[in-house]
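Visitor: Sharing a structure, written as structure tokens. Questions coming.
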Amino acid sequence: MASETQQVETDISALFFEAVEWRRSLHRHPQSGWLEFYATGFVAKKLESWGYQVLLGDKIIDPHSRLFLPAPETMDEAYGNALSAGIDEQYIRPAKGGLTGVVGIIQGKQPGPVIAYRFDIDSLEITETSNPELAANKEGFVSCYRGYAHMCGHDANTATGLLLAKYLSQRVDSLCGTVKLIFQPDEERLSGAKSMVAAGVVDDVDYLMAGHIAATMAETGAVAFHVSNMLSVSRSEITFHGASAHSTGRPDLGKNAILGACSAALNLHTIARHGNGLSVVHVGKITGGDSWNNVADRASLWIEVRAASSDIDAYLQRRVQRVLEGAAESYDLHVESRLVVSSEAGHNSPELIELGKRAIDGLSCVTAVPTAQVNASEDFVAMANIVRRRGGQAMYMLHGSPVGGGLHSDSLEIDEKVIRNAAVTYAAIYEALTKFTI
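Residue 406 in full-length UniProt numbering sits at position 406 of the sequence shown; the count goes up by one each step and never skips.
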């Protein structure tokens, strides 16, 4: 097994420099959720050229499950940008209107399980730094689009998927079962996975894997199979309703919604954290009022609740509701809450954790670490939970790399060897899954 695993590393390493170019092309052309036309066309063309069955558009996306759709004119601009950057329209025409993403399927010659890997393709809505000392500026692959940049490493994740895809295509005659490569849109806003789940993308999957560059695991080559704090998240819009009045003429007739919202915002951040795991309540946005001299009759908050378990989430939700109701009562307001999007807490299948450690034994480019914390939420969980409920198994990995500037900054830099390391890890797991019973 060790010699076979070493051959995987050798074969994938031979493709590494090509994968770096793919990553840099994707980095130059970032597009955020439901606008990822460049990545969709880039990936689809390569997969088709390597012999994959390629699924696009409403074959992989349920249009009604999408959230936070950009304006039509924004979609049209992003579509045009992809065409101007050289994307062949035949590969993105099915995605027009925000049906982005790709699924590539390759069938082995021998029977076996359906093994799927998910890679996120969306960028952040952020402007990349122009600091001339950073590699993207030095070497000419800085983002072409102001206001969009791959500052969470999804360009590297996508390149990893392509590297794995090319490796598998070169040995199709020895593959067992089916490999499904899922290039998912809109991970950042948590509706991409749900839209693919609703379209049935993972209905037949026996084993599902995904991974991400770790925020706090700076050693290139480290990989964590046992991860914790893959948090649930609920994002809600809270609206306080009061009564308007002139601020000096008859303020006594007013009911100031801004004061209620401000009181709630301050007190939400004083909720005691739970002792049994990570818990977060965060106010990300506050708006209210429409005039200098009116008592505001309406104000709103965007709040986010994250928790390491369902019990912790239930505790936080109760406390949040008390704070909101208390603020409303104090200022004689009515408060309403609208859940916008949510995702469950996640965990890895124990059998896959152990198999992952065995699979990379003998590799020189990667080493398993005992455990690592995600400390974030992942809409991959929507896919993973469906797979598990149908009797399958799922695992989310963290891959080590220095992250200069930090994830979600304007100046993220990574060690591009993480692309090779992640692809080698995924390929080694594929080899193990088709050789061992777990």
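For every residue, glycine included, the Cβ atom is placed at its ideal position computed from N, Cα and C.
Here's a check: name, in chain order, each residue in its chain whose Cβ is nearer than 7 Å to the Cβ of A95, leaving out the five neighbours to either side.
Guide: The sequence position of residue 95 within the sequence shown is 95, counting from 1. Same-chain partners within the cutoff: F37, T40, L56 and G57.
Visitor: State the beta-bridge partners of Q107 as determined by DSSP.
Guide: Your numbering for residue 107 matches position 107 in the sequence shown. In the DSSP output, where bridge partners are listed per residue, Q107 has T178.
Visitor: Would you report the Cα separation of Q90 and A44, rounded to the nearest angstrom?
Guide: Translated into positions along the sequence shown, residue 90 becomes position 90. Translated into positions along the sequence shown, residue 44 becomes position 44. Approximately 10 Å between the Cα atoms of the pair.
Visitor: Just to confirm, are L26 and T158 a CB contact at a threshold of 8 Å?
Guide: Numbered from its first residue, the sequence shown carries residue 26 at position 26. Numbered from its first residue, the sequence shown carries residue 158 at position 158. In this structure, T158 lies closer than 8 Å to L26 by Cβ.
Visitor: How big is the Cα-Cα spacing for V424 and K357?
Guide: Translated into positions along the sequence shown, residue 424 becomes position 424. Translated into positions along the sequence shown, residue 357 becomes position 357. Linking V424 to K357 through their CA atoms gives a straight-line distance of about 13 Å.
Visitor: Across the region 380 to 398 and the region 222 to 235, are there enough close Cβ pairs to call them in contact, namely three or more that are closer than 8 Å?
Guide: yes
Visitor: Just to confirm, is the Cβ distance from I286 to A314 under 8 Å?
Guide: Start at 1 with the first residue of the sequence shown, and residue 286 comes out as number 286. Start at 1 with the first residue of the sequence shown, and residue 314 comes out as number 314. Going by C-beta atoms, I286 is not nearer than 8 Å to A314.
Visitor: Among all the DSSP beta bridges, which residues are the ones paired with T239?
Guide: For the purposes of this step, residue 239 is taken as the residue at position 239 of the sequence shown. The partner list for T239 (beta bridge, DSSP) reads S300 and E336.
Visitor: What are the start and end residues of the alpha helix (DSSP H) that includes I213?
Guide: Locating residue 213 in the sequence shown gives position 213, where the first residue counts as 1. That residue, I213, is in no alpha helix (DSSP H); its beta strand (DSSP E) goes Y207 to I213.
Visitor: For N294, which beta-bridge partners are listed by DSSP?
Guide: Counting from 1 along the sequence shown, the entry for residue 294 is found at position 294. DSSP, once it has assigned bridges, lists H246 as partnering N294.
Visitor: Considering only DSSP beta bridges, list what H282 is partnered with.
Guide: In the sequence shown, residue 282 corresponds to position 282, counting from 1. Looking at the DSSP assignment, H282 forms a beta bridge with E304.
Visitor: Let me know the secondary structure DSSP gives V323 once reduced to three states.
Guide: Counted from its first residue, the sequence shown places residue 323 at position 323. It is helical.
Visitor: Quick check on DSSP: helix, strand or coil for G112?
Guide: In the sequence shown, counting from the first residue as 1, residue 112 sits at position 112. Strand, per DSSP.
Visitor: Could you tell me whether any non-hydrogen atom of the ligand SAM is closer than 7 Å to the CB of E139?
Guide: The ligand SAM is not among the ligands present in this structure, which contains no ligands whatsoever.
Visitor: Answer with buried or exposed for Q184, where buried requires no fewer than 16 other C-beta atoms within 10 angstroms of its C-beta.
Guide: Taking the first residue of the sequence shown as 1, we reach residue 184 at position 184. Buried, by the Cβ-count rule.
Visitor: Taking the alpha-carbon positions, what's the R24 to I115 distance?
Guide: Position 24 of the sequence shown, counted from the first residue, corresponds to residue 24. Position 115 of the sequence shown, counted from the first residue, corresponds to residue 115. So the two alpha carbons sit approximately 28 Å from each other.
Visitor: Check the C-beta distance from G242 over to D290 and give it rounded, since I have them as a contact under 8 Å.
Guide: The count along the sequence shown starts at 1 and reaches residue 242 at position 242. The count along the sequence shown starts at 1 and reaches residue 290 at position 290. 13 Å between Cβ atoms; not a contact.
Visitor: According to the Cβ coordinates, are S343 and S309 closer than 8 Å?
Guide: Taking the sequence shown and counting its residues from 1, the one referred to as residue 343 is at position 343. Taking the sequence shown and counting its residues from 1, the one referred to as residue 309 is at position 309. Contact: no.
Visitor: Report the option in E73, I106 and A193 whose CA atom is closest to the CA atom of R66.
Guide: Position 66 of the sequence shown, counted from the start, is the residue given in the question as residue 66. With respect to the C-alpha of R66, the residue from E73, I106 and A193 having the closest C-alpha is A193.
Visitor: If I measure Cβ to Cβ from C144 and keep anything under 7 Å in the same chain, skipping five residues before and after, which residues do I get?
Guide: What you label residue 144 is simply residue 144 of the sequence shown in a count that begins at 1. These residues qualify, in order along the chain: R28 and H29.
Visitor: How far does the alpha helix (DSSP H) with T74 in it extend, from its first residue to its last?
Guide: Stepping through the sequence shown from its first residue, residue 74 is reached at position 74. Per DSSP, T74 belongs to the alpha helix (DSSP H) from P72 to S84.
Visitor: Taking the alpha carbon of E351 as the point to measure from, which residue in L208, A427 and M196 has its own alpha carbon closest?
Guide: Stepping through the sequence shown from its first residue, residue 351 is reached at position 351. For the set L208, A427 and M196, the Cα lying nearest the Cα of E351 is the one of L208.
Visitor: Can you name the start and end residues of the alpha helix (DSSP H) that S169 belongs to?
Guide: If you number the sequence shown from 1, residue 169 lands on position 169. Counting along the chain, the alpha helix (DSSP H) containing S169 begins and ends at H154 to S169.
Visitor: What residue range is occupied by the uninterrupted alpha helix (DSSP H) comprising Y426?
Guide: Position 426 of the sequence shown holds residue 426. Here the alpha helix (DSSP H) through Y426 covers K417 to L433.
Visitor: Where do the ends of the alpha helix (DSSP H) carrying H29 lie?
Guide: What you label residue 29 is simply residue 29 of the sequence shown in a count that begins at 1. Counting along the chain, H29 falls outside any alpha helix (DSSP H), and DSSP gives it neither H nor E.
Visitor: Please name the residue or residues paired with G356 in a DSSP beta bridge.
Guide: Counting from one through the sequence shown, the residue named residue 356 turns up at place 356. Partner(s): none; G356 has no beta bridge.
Visitor: Which term fits R189, buried or exposed, when burial requires 16 or more other beta carbons within 10 angstroms of its beta carbon?
Guide: On the sequence shown, position 189 is the one that residue 189 refers to. By the neighbour-count rule (16 or more Cβ atoms within 10 Å), R189 is buried.
Visitor: Given a cut-off of 8 Å on the beta-carbon distance, is the pair T129 and S401 in contact?
Guide: Along the sequence shown, one-based indexing puts residue 129 at 129. Along the sequence shown, one-based indexing puts residue 401 at 401. No, they are not a contact pair.
Visitor: Cα separation between I386 and P370?
Guide: As a first step, residue 386 is located in the sequence shown; it is residue number 386 there, counting from the start. As a first step, residue 370 is located in the sequence shown; it is residue number 370 there, counting from the start. For I386 and P370, the distance between alpha carbons rounds to 27 Å.
Visitor: Note down the Cα distance separating V403 from G211, rounded to an integer number of angstroms.
Guide: To locate residue 403, count along the sequence shown from 1; it is residue 403. To locate residue 211, count along the sequence shown from 1; it is residue 211. Here the C-alpha atom of V403 lies approximately 16 Å from the C-alpha atom of G211.
Visitor: Please return the same chain residues whose Cβ sits closer than 6 Å to the Cβ of S279, not counting the five positions on each side in sequence.
Guide: As a working note, residue 279 is residue 279 in the sequence shown. So the qualifying residues of the chain are R273, A307, I312 and L316.
Visitor: Measure from the alpha carbon of R338 to the alpha carbon of each residue in C176, Q31 and S236, then state which is nearest.
Guide: Counting from one through the sequence shown, the residue named residue 338 turns up at place 338. When each option's Cα is compared against that of R338, the closest is S236.
Visitor: To the nearest angstrom, how far is it from the Cα of R93 to the Cα of Q321?
Guide: Counted from its first residue, the sequence shown places residue 93 at position 93. Counted from its first residue, the sequence shown places residue 321 at position 321. For R93 and Q321, the distance between alpha carbons rounds to 45 Å.
Visitor: Does V233 come out as helix, strand or coil in the three-state DSSP assignment?
Guide: Within the sequence shown, residue 233 is the residue found at index 233, counting from 1. Here V233 carries a strand assignment [DSSP, helix/strand/coil].
Visitor: Tell me which residue opens and which closes the alpha helix (DSSP H) that T371 is part of.
Guide: The residue you call residue 371 lines up with position 371 of the sequence shown. Where T371 is concerned, there is no enclosing alpha helix (DSSP H), given that its DSSP letter is neither H nor E.
Visitor: Under the DSSP definition of a beta bridge, which residues are partnered with M395?
Guide: The residue labelled residue 395 in the question sits at position 395 within the sequence shown. M395 is bridged to M209.
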